[in-house]
Amino acid sequence: MSEVRFRNPGWAGNTGEFDLNEADVRGTGYVGERALDGGHPSVSPSLPYMFVKKDPDAPLFEGPYRERFDKIRSRYPTARAALLPALNLAQELRGHISPETMDEVAGLLGLSDAYVRGVATFYTMYNKRPVGRFLIQVCTNISCNLCGADEVLAAFLEHTGTELGQTSSDGNFTVVEAECLAACGFPTCVQINSRYFEDVSADDVPAVLDRLKRELNRSF
Amino acid sequence: MADNGRKAETVTLTIDGREVTVPKGTSLLHAAESVGTEVPHYCYHPGLTAPAQCRICLVEVEGAPKLQPSCVTMAADGQVVHTDSPAAKRMRQGVLEFYLVNHPLDCPICDMSGECKLQDYVFDEGRERGRGREPKRVFGRDDFGGDVLYYGDRCVMCTRCVRFMDEVARDSRLTVVERGSRAVIDTFFDRGLEGASFAGNVVDICPVGALVSKDFLHKARAWDLDHTPSICPNCSHGCNIELHTRDNLVQRLKPRENQEVNGHWMCDYGRANYEWLNRPGRLEAPATGRGSDRRTADWKEALELLFGRLAAAEGDVALVGSARCSNEALAGLGALGDEMRGRTAQRVFRAPRAADEVPLPGFPLLVRRRDLVPNAHGAGLLGFQRCGDDGGEGGLDEVAAHGEVIIVLGDDLADQDGDFGANASLFVYLGTFESAAAGNADFVLPITTFAEEDGSFVNAQERVQRFQQGLRPPESARPAWLVLGALVAALRGEKTPDSAPEAFARLVAAHPAFEGLSWEAVGDAGVALGAEAAHG
Numbered sequence: 406m407s408e409v410r411f412r413n414p415g416w417a418g419n420t421g422e423f424d425l426n427e428a429d430v431r432g433t434g435y436v437g438e439r440a441l442d443g444g445h446p447s448v449s450p451s452l453p454y455m456f457v458k459k460d461p462d463a464p465l466f467e468g469p470y471r472e473r474f475d476k477i478r479s480r481y482p483t484a485r486a487a488l489l490p491a492l493n494l495a496q497e498l499r500g501h502i503s504p505e506t507m508d509e510v511a512g513l514l515g516l517s518d519a520y521v522r523g524v525a526t527f528y529t530m531y532n533k534r535p536v537g538r539f540l541i542q543v544c545t546n547i548s549c550n551l552c553g554a555d556e557v558l559a560a561f562l563e564h565t566g567t568e569l570g571q572t573s574s575d576g577n578f579t580v581v582e583a584e585c586l587a588a589c590g591f592p593t594c595v596q597i598n599s600r601y602f603e604d605v606s607a608d609d610v611p612a613v614l615d616r617l618k619r620e621l622n623r624s625f
Numbered sequence: 019m020a021d022n023g024r025k026a027e028t029v030t031l032t033i034d035g036r037e038v039t040v041p042k043g044t045s046l047l048h049a050a051e052s053v054g055t056e057v058p059h060y061c062y063h064p065g066l067t068a069p070a071q072c073r074i075c076l077v078e079v080e081g082a083p084k085l086q087p088s089c090v091t092m093a094a095d096g097q098v099v100h101t102d103s104p105a106a107k108r109m110r111q112g113v114l115e116f117y118l119v120n121h122p123l124d125c126p127i128c129d130m131s132g133e134c135k136l137q138d139y140v141f142d143e144g145r146e147r148g149r150g151r152e153p154k155r156v157f158g159r160d161d162f163g164g165d166v167l168y169y170g171d172r173c174v175m176c177t178r179c180v181r182f183m184d185e186v187a188r189d190s191r192l193t194v195v196e197r198g199s200r201a202v203i204d205t206f207f208d209r210g211l212e213g214a215s216f217a218g219n220v221v222d223i224c225p226v227g228a229l230v231s232k233d234f235l236h237k238a239r240a241w242d243l244d245h246t247p248s249i250c251p252n253c254s255h256g257c258n259i260e261l262h263t264r265d266n267l268v269q270r271l272k273p274r275e276n277q278e279v280n281g282h283w284m285c286d287y288g289r290a291n292y293e294w295l296n297r298p299g300r301l302e303a304p305a306t307g308r309g310s311d312r313r314t315a316d317w318k319e320a321l322e323l324l325f326g327r328l329a330a331a332e333g334d335v336a337l338v339g340s341a342r343c344s345n346e347a348l349a350g351l352g353a354l355g356d357e358m359r360g361r362t363a364q365r366v367f368r369a370p371r372a373a374d375e376v377p378l379p380g381f382p383l384l385v386r387r388r389d390l391v392p393n394a395h396g397a398g399l400l401g402f403q404r405c406g407d408d409g410g411e412g413g414l415d416e417v418a419a420h421g422e423v424i425i426v427l428g429d430d431l432a433d434q435d436g437d438f439g440a441n442a443s444l445f446v447y448l449g450t451f452e453s454a455a456a457g458n459a460d461f462v463l464p465i466t467t468f469a470e471e472d473g474s475f476v477n478a479q480e481r482v483q484r485f486q487q488g489l490r491p492p493e494s495a496r497p498a499w500l501v502l503g504a505l506v507a508a509l510r511g512e513k514t515p516d517s518a519p520e521a522f523a524r525l526v527a528a529h530p531a532f533e534g535l536s537w538e539a540v541g542d543a544g545v546a547l548g549a550e551a552a553h554g
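Right under this line is the structure:
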């Protein structure tokens, strides 16, 4: 596998000292699709790309997702407490939280539909509308902004051919602004699905997008 | 502490330089209230939990590192509280400025204007001029369904409405959607408040003009309304209410606090049904004679004629009362029957009944009762038997064909035809509207509705409750207790009762169920029958 050159590939990268690729470094289990069972809790949030097969019509919840939902529910004393992880799970499965999803999650947890809507809309990381296969969140908060976040954002919009918050016509990219991603030491930080790309400059953007497109073509 | 067992523990503190002693567990807000200081508040409501989120009731407590929310800070011994210190005032001014950042200041077209807490507080303590230069964000309005309309721009996000639906109605249909400056109150998308039975209360508890009644929208200004303490006439629970009137019309009904009956609340059914009090086309003048002989008369003439007929009447008497009439009127009707020479053969009333009760889960005392009339229990206590079906119709076949004396009070006989009372030797109709079934009446006497007189009802808890006159009656209508009281007094040869309290006193003397009650003891809050009424 040839390495695309950009300043920070998101892992240690091939420094030339070793002949390693990403799978060698992270382990094959961590490269590729997110495991249906969520993976080991210690690594599940950091799986690369989190390029999941999103199915807006997937049932809530069946098979391994039902097991995960039951586990979530069992971890909390009240249904309200289990709402955030339950919505996370629904979003992982369906890609966004539609009104129907809110209603179904409310039914599953025995909460009022209005309450679930209130919670889902309070948190910006729940997508209330469908997003592309890659959700590109560009931090435009102060540190990143001082280091050219506006240009990075403009570059992403230009190279994906979308408007802010809109999804590209091929359904692959949605570019949004994000508040501080807690990577102020590495501006500009861009979160793509669950993965951080740090030290991104406007010049890096075509290479990042190329790499994402290659991910789309990979078969696992 | 042992000898303290019976006595409630108290704490003594100083509020704005005045020493106050209050029971332990009293909030600073209530302690200040007890010495006449209103601490501004939005999110706190006595019928709901206090989240202390509006930040406008902050007061200075000496020794505390920062200002304390007075709605949740409990009074403690030796506390020194300043509600009006420079720090507290500066803070309130700051909080108010934040509230006005996006507020549209559309008071001239806002229904809440005149009773709005934001208006009051800003007028008292706010900045003279806003400093904002940025454009205000605009939401517009949102129809929540039912009777509730939401103006997002006016909202102060106190969440009283959300907590009312959660805690009291136990029907969590409202929520805060989004956050920060985008936050609004909303239901679940298109699922509004339709079908909720108590949602109208969110309009009452909204401290600003964010939640308004569609029925009342742009109908009257708050300062033009007269408020009259009354009792809800739409079910036998008898929620304490205020009639809000203007131009001699009821504009809306609002609940009046009574912790023994309805708390701070009332149901939407009761709230919505007031238009019948404003219905035009009322009986204007007394009339005598049947069919084509019908002619109007003045009261003196009509009553003298009627007195002559009553004194001479021999036969059995059929009395039809109404559970919409006051105790005083029904007792007067009963007494008239007793004074007549004939035996009282029928003593009935009809009342519509709903299929089921509608309780308020978070305040179980309050139930929309099955009887959709205010005084079904009073009528029962005063010796009237219920007849007819659950629609409040039928059941009068015997009375209709009664051949001797018929006296109808307050029942408009809408389901009866022109043959009603055709065989009667004497037929007296005391009512508010002309009725086809009253065509055979020898006397048609216009009486007042409950909103046009003083009087009392007995509710489903067997509680006697007073209402006051809020409307001016049509020209010649008189309270039924006065008309009937005059006739009874004439038959007995005594003085006519000259006021509702006097009529009530005569009722108490005649009916053991009401023993020991007095008009004063019933007061504005009412008294339960059989309770130790004498102490009041």
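Sequences listed follow chains A and B, in order. Per our numbering, the very first residue in the first sequence carries number 406; after that it's consecutive. Per our numbering, the very first residue in the second sequence carries number 19; after that it's consecutive. All residues carry an ideal CB built from backbone N, CA and C; glycine is no exception.
Check                                                                                                                                                                         : Outcome
Would you tell me roughly how many angstroms separate the C-alpha atoms of R371 (chain B) and L328 (chain B), rounded to the nearest one?                                     : 34 Å
Going by Cα to Cα distance, which pick from B:G410, B:Y447, B:D334, B:G398 is closest to R359 (chain B)?                                                                      : B:D334
Quick one: any contact between the region 521–528 of chain A and the region 557–566 of chain A, if contact means 3 or more CB pairs under 8 Å?                                : no
Using Cβ-Cβ distances below 9 Å, what residues of the region 182–199 of chain B are close to chain A?                                                                         : M183, D184, D189, S190, R191, L192, T193, V194, V195, E196, R197
Scan the region 29–63 of chain B and note each continuous alpha helix (DSSP H) run of 4 residues or more that stays entirely inside, going in chain order.                    : 46–52
Return the first residue and the last residue of the beta strand (DSSP E) that I597 (chain A) is part of.                                                                     : 595–597
Does R209 (chain B) come within less than 8 Å of chain A when only Cβ atoms are used?                                                                                         : yes
Within 10 angstroms of its Cβ, does M530 (chain A) collect 16 or more other Cβ (buried), or is it exposed?                                                                    : exposed
At which residue ranges does the region 238–269 of chain B contain complete beta strand (DSSP E) runs of 3 or more residues, listed in the order of the chain?                : 244–249, 258–264
Exposed or buried, which one is I547 (chain A) when buried takes at least 16 other CB atoms within 10 Å?                                                                      : exposed
Per DSSP, what kind of secondary structure is E146 (chain B) in: helix, strand or coil?                                                                                       : coil
So what does DSSP say about C405 (chain B), is it helix, strand or coil?                                                                                                      : coil
Which whole-angstrom value is the C-beta distance of R12 (chain B) and N266 (chain B), which I expect to be below 8 Å?                                                        : Chain B is shown only over 19 to 554; residue 12 (chain B) falls outside these bounds and no answer can be derived.
According to DSSP, simplified to helix, strand and coil, what is P273 (chain B)?                                                                                              : strand
Taking 8 Å as the limit between beta carbons, can you name the residues of its chain near E185 (chain B), skipping five residues before and five after?                       : L66, T67, G380
I need the straight-line Cα distance from L378 (chain B) to A187 (chain B), nearest angstrom please.                                                                          : 6 Å
Taking one C-beta from the region 69–78 of chain B and one from the region 86–96 of chain B each time, how about it: are there three or more such pairs within less than 8 Å? : yes
Short check: CB of I541 (chain A) to CB of V605 (chain A), under 8 Å?                                                                                                         : no
Express the C-alpha separation of A527 (chain B) and A347 (chain B) in angstroms, rounding to a whole number.                                                                 : 15 Å
Output, in chain order, the set of chain A residues within a Cβ distance shorter than 9 Å of T205 (chain B).                                                                  : D518, A519, R522
Quick one: what's P377 (chain B) bridged to in DSSP?                                                                                                                          : B:V385
Does A26 (chain B) come out as helix, strand or coil in the three-state DSSP assignment?                                                                                      : coil
Compare the beta carbon distance of G473 (chain B) and T246 (chain B) with 8 Å and say whether it is the shorter of the two.                                                  : no
Tell me, please, whether the region 499–516 of chain A touches the region 464–472 of chain A by the rule of three or more beta-carbon pairs shorter than 8 Å.                 : yes
Going straight from the alpha carbon of Q403 (chain B) to that of L271 (chain B), what length do you get?                                                                     : 30 Å
Within 8 Å of any Cβ in chain B, is that where the Cβ of T374 (chain A) sits?                                                                                                 : A query on residue 374 (chain A) cannot be resolved here, the shown segment of chain A reaching from 406 to 625 and no further.
Can you name, in chain order, every residue of its own chain whose Cβ lies under 8 Å from the Cβ of R110 (chain B), other than the five neighbours on each side?              : P58, I74, L76, Y139, E143
Out of curiosity, what's the CA-to-CA distance linking E480 (chain B) and H395 (chain B)?                                                                                     : 7 Å
For the alpha helix (DSSP H) that contains D615 (chain A), what are its first and last residues?                                                                              : 610–622
So, does the CB of T526 (chain A) fall closer than 8 Å to a CB anywhere in chain B?                                                                                           : yes
Buried or exposed for P41 (chain B), please, with buried defined as at least 16 other CB atoms from any protein chain shown within 10 angstroms of its CB.                    : exposed
Just to confirm the assignment, what range does the alpha helix (DSSP H) spanning S13 (chain B) have?                                                                         : The shown model of chain B, from 19 to 554, leaves out residue 13 (chain B), and the question about it has no answer.
Who are the Cβ neighbours of A440 (chain B) in its own chain at under 6 Å, not counting the five residues just before and after it?                                           : N458
As a quick exercise: from A:A486, A:A487, A:V536, A:E505, pick the residue whose alpha carbon is nearest that of V581 (chain A).                                              : A:V536
Helix, strand or coil for V90 (chain B)? Go by DSSP, reduced to three states.                                                                                                 : coil
Using a Cβ-Cβ cut-off of 6 Å (strictly less than) and excluding sequence neighbours within five positions of D408 (chain B), which residues of its own chain qualify?         : R371
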